[in-house]
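Protein chains: 2
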Amino acid sequence: MKKTKESLLKVAQRLFTKQGVAEVSLRSIAAEAGISHSNLIYHYPTKNDLIIALHNELLANAIALNQKVKVAVNPIEGLFLSTEAGFRILYEFRFLMLDLNYILRANKSLLKTFRDLEKVRAGMYQAEIKKAVDLKLMRNELYTGEFDELIVRIKIFSEAWIPSSEIYDSGPVEKIIQKYTQLFMGFFFPYLTEKGRKLFEKQK
Amino acid sequence: MKKTKESLLKVAQRLFTKQGVAEVSLRSIAAEAGISHSNLIYHYPTKNDLIIALHNELLANAIALNQKVKVAVNPIEGLFLSTEAGFRILYEFRFLMLDLNYILRANKSLLKTFRDLEKVRAGMYQAEIKKAVDLKLMRNELYTGEFDELIVRIKIFSEAWIPSSEIYDSGPVEKIIQKYTQLFMGFFFPYLTEKGRKLFEKQK
DNA sequence: GTATTTTTAGACCAAATGTACTAATTTTTT
DNA sequence: AAAAAATTAGTACATTTGGTCTAAAAATAC
Chain R
43 MKKTKESLLK
53 VAQRLFTKQG
63 VAEVSLRSIA
73 AEAGISHSNL
83 IYHYPTKNDL
93 IIALHNELLA
103 NAIALNQKVK
113 VAVNPIEGLF
123 LSTEAGFRIL
133 YEFRFLMLDL
143 NYILRANKSL
153 LKTFRDLEKV
163 RAGMYQAEIK
173 KAVDLKLMRN
183 ELYTGEFDEL
193 IVRIKIFSEA
203 WIPSSEIYDS
213 GPVEKIIQKY
223 TQLFMGFFFP
233 YLTEKGRKLF
243 EKQK
Chain Z
43 MKKTKESLLK
53 VAQRLFTKQG
63 VAEVSLRSIA
73 AEAGISHSNL
83 IYHYPTKNDL
93 IIALHNELLA
103 NAIALNQKVK
113 VAVNPIEGLF
123 LSTEAGFRIL
133 YEFRFLMLDL
143 NYILRANKSL
153 LKTFRDLEKV
163 RAGMYQAEIK
173 KAVDLKLMRN
183 ELYTGEFDEL
193 IVRIKIFSEA
203 WIPSSEIYDS
213 GPVEKIIQKY
223 TQLFMGFFFP
233 YLTEKGRKLF
243 EKQK
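So the sequences go chain by chain: R and Z.
With the working numbering as the guide, the letters of the first sequence map in order to residues 43 to 246.
With the working numbering as the guide, the letters of the second sequence map in order to residues 43 to 246.
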């Protein structure tokens, strides 16, 4: 029955988020899910298998999202929408970002996936930026590599806002999502043209 | 004898960096340091005590640094120098940033220290930015809170470049330090005036 | 309805870990 | 030099954890 597997993922996700991946044992997940230790191992032999399954869920959600947000009127609105929606999804699976190093250290295949995904996203941002420049929403580079550097900073922010939030924020999830979406979008603001800034203000 | 305590810190730092804090046991530290398990516990009863001691070392280094870098000619050069030096120190203690969440979860006092330090640093950046604006090296805010948002992004970057580097970089330490110093400084570039950009180019 | 496959639980094991206690040794104080 | 304090090692214990093996129970196929 699929029910057990799904329930296990939910329980694992909850415990990972609450206690941290390193502190959660397979036994505690099984107990919380109300099944035997050996039964859990039957479905997911190691903690890694649980993590990978959850990461796959995250990916599935992210892909589904991308289909949906393609209705934006302009690049800036699109960026706003997809960022906010993406951040919301990521936040649900935040244990992945909170314990990223611990997870990747024990999971080289996930590390590779991470690196590959990063390249895809970087390419996506390059395309979006080019589009914005063509539409005169963004200025041109002032030195070569300026936008590539921006993209790296964006990447780091995207990976890091959740751990940072864990340290400094409290309060409702929605507030947090909005705060970091805002902060994220702010990356682009100083590169925008007058025209771009007007569109930006409308979203804000 | 102080020798034992210092040697223990060094060994712990090395093992934490190599294997991750969660994976290192007190026994393995003792073994690597060539002393008995119970002796280690005599000096540092828990892993947390080791971590706090190492964090104190980091703070001491950082404070010592701040005394030294006050010879900069202008704010931009000063920022370059202190950033690079600060990043170099932080990198030595990178296990703190790599396993930050794991560490802070088990150590509420360190969490408080972290939050307090953050406020200090934010104030410092506000002052530096104000100075740069007064010197016409940086433009004024285009909307209220623009620079405060910038400072938050900077904070997140400062905490996150090491974990990110762990995922995506390889190669000599110095290269890494320079790369992320460069990326960090790039945060300011789009806010600089013509005059500021000239100083910026000279550093780069 | 029987056979087969999948799912589940229970018992057990070896390794590792934190912890406590005791005793020996070394260093410091007086 | 003797006493006191600090440092070090040894030992032993209870707990937890990942992992294996076996057998029962449930679901599915034939």
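Each residue gets a CB set at the ideal place from its N, CA and C atoms; glycine is no exception.
DSSP state of residue i mapped onto helix, strand, coil
{"i": "Leu82 of chain Z", "result": "helix"}
{"i": "Leu184 of chain Z", "result": "coil"}
{"i": "Leu179 of chain Z", "result": "coil"}
{"i": "Phe231 of chain Z", "result": "helix"}
{"i": "Leu142 of chain Z", "result": "helix"}
{"i": "Asp211 of chain Z", "result": "coil"}
{"i": "Phe122 of chain Z", "result": "helix"}
{"i": "Asn116 of chain Z", "result": "coil"}
{"i": "Ile105 of chain R", "result": "helix"}
{"i": "Gly165 of chain Z", "result": "helix"}
{"i": "Pro205 of chain R", "result": "helix"}
{"i": "Ser200 of chain Z", "result": "helix"}
{"i": "Asn149 of chain R", "result": "coil"}
{"i": "Phe58 of chain R", "result": "helix"}
{"i": "Gly128 of chain R", "result": "helix"}
is_contact[residue i, chain Z] using C-beta, thresh 8 Å
{"i": "Met43 of chain R", "result": "Bear in mind that a pLDDT of 45 at Met43 of chain R, under 50, signals an unreliable position, so the number given afterwards is only what the model happens to contain. No, Met43 of chain R does not count as interfacial toward chain Z."}
{"i": "Ile198 of chain R", "result": "yes"}
{"i": "Ile251 of chain R", "result": "For chain R, the structure presents residues 43 to 246; residue 251 of chain R sits outside this window and is missing."}
{"i": "Ala127 of chain R", "result": "no"}
{"i": "Glu183 of chain R", "result": "no"}
{"i": "Leu140 of chain R", "result": "yes"}
{"i": "Asn143 of chain R", "result": "yes"}
{"i": "Glu170 of chain R", "result": "no"}
{"i": "Glu74 of chain R", "result": "no"}
{"i": "Val194 of chain R", "result": "yes"}
{"i": "Gly62 of chain R", "result": "yes"}
8 Å Cβ cutoff, residue i in contact with chain R
{"i": "Leu101 of chain Z", "result": "no"}
{"i": "Ile219 of chain Z", "result": "no"}
{"i": "Arg136 of chain Z", "result": "no"}
{"i": "Asn149 of chain Z", "result": "no"}
{"i": "Leu146 of chain Z", "result": "yes"}
{"i": "Arg69 of chain Z", "result": "no"}
{"i": "Glu119 of chain Z", "result": "no"}
Cutoff 7 Å; reference residue i; Cβ partners in own chain excluding five residues on either side
{"i": "Ser207 of chain Z", "result": "Ile218 and Tyr222"}
{"i": "Ser70 of chain R", "result": "Leu57"}
{"i": "His85 of chain R", "result": "Thr46, Lys47 and Leu50"}
{"i": "Val215 of chain Z", "result": "Tyr133"}
{"i": "Asn182 of chain Z", "result": "Val175"}
{"i": "Tyr144 of chain R", "result": "Val63 and Ala64"}
Beta-carbon contacts of residue i that lie in its chain and below 8 Å, excluding the five residues immediately before and after
{"i": "Asn108 of chain R", "result": "Ser124"}
{"i": "Glu126 of chain R", "result": "Ile219, Gln220 and Thr223"}
{"i": "Leu153 of chain Z", "result": "Leu146"}
{"i": "Leu179 of chain Z", "result": "Asn116, Pro117, Ile118, Leu234, Thr235, Lys237, Gly238 and Leu241"}
{"i": "Phe129 of chain R", "result": "Trp203, Ile219, Tyr222, Thr223 and Phe226"}
{"i": "Asn149 of chain R", "result": "Asn90, Ile93 and Ile94"}
Chain-order list of residues whose beta-carbon lies under 6 Å from that of residue i (same chain, five-residue window excluded)
{"i": "Ile94 of chain Z", "result": "none"}
{"i": "Phe135 of chain R", "result": "Leu100"}
{"i": "Asp190 of chain R", "result": "none"}
If you pair each beta-carbon of the stretch 202-216 of chain R with each one of the stretch 198-218 of chain Z, do three or more pairs fall below 8 Å?
Cβ pair count under 8 Å is three or more, so yes.
For the stretch 152-166 of chain Z, which residues have a beta carbon sitting closer than 9 Å to at least one beta carbon of chain R?
Residues of the stretch 152-166 of chain Z whose Cβ lies closer than 9 Å to any Cβ of chain R, in chain order: Leu153, Phe156, Arg157 and Glu160.
Any 3 or more C-beta pairs closer than 8 Å across the stretch 122-129 of chain R and the stretch 225-245 of chain R:
By the Cβ test, the stretch 122-129 of chain R is in contact with the stretch 225-245 of chain R, since at least three Cβ pairs between them sit closer than 8 Å.
Quick one: any contact between the stretch 220-231 of chain Z and the stretch 158-169 of chain R, if contact means 3 or more CB pairs under 8 Å?
No contact exists between the stretch 220-231 of chain Z and the stretch 158-169 of chain R.
Going along the chain, which residues of the stretch 48-60 of chain R sit with their C-beta nearer than 7 Å to a C-beta in chain Z?
Under the 7 Å Cβ criterion, the stretch 48-60 of chain R contributes no residue.
Given a limit of 8 Å on CB to CB distance, which residues of the stretch 203-236 of chain Z reach chain R?
Here the close residues are Trp203, Pro205, Ser206, Glu208, Ile209, Tyr210, Gln224, Leu225, Gly228, Phe229, Phe231, Pro232 and Tyr233.
Could you tell me whether the stretch 46-66 of chain R touches the stretch 74-93 of chain R, where touching means 3 or more Cβ pairs closer than 8 Å?
Flag = yes, the stretch 46-66 of chain R and the stretch 74-93 of chain R touch.
Quick one: any contact between the stretch 126-141 of chain R and the stretch 174-192 of chain R, if contact means 3 or more CB pairs under 8 Å?
A contact is defined here as three or more CB-CB pairs under 8 Å, and the stretch 126-141 of chain R fails this definition with respect to the stretch 174-192 of chain R.
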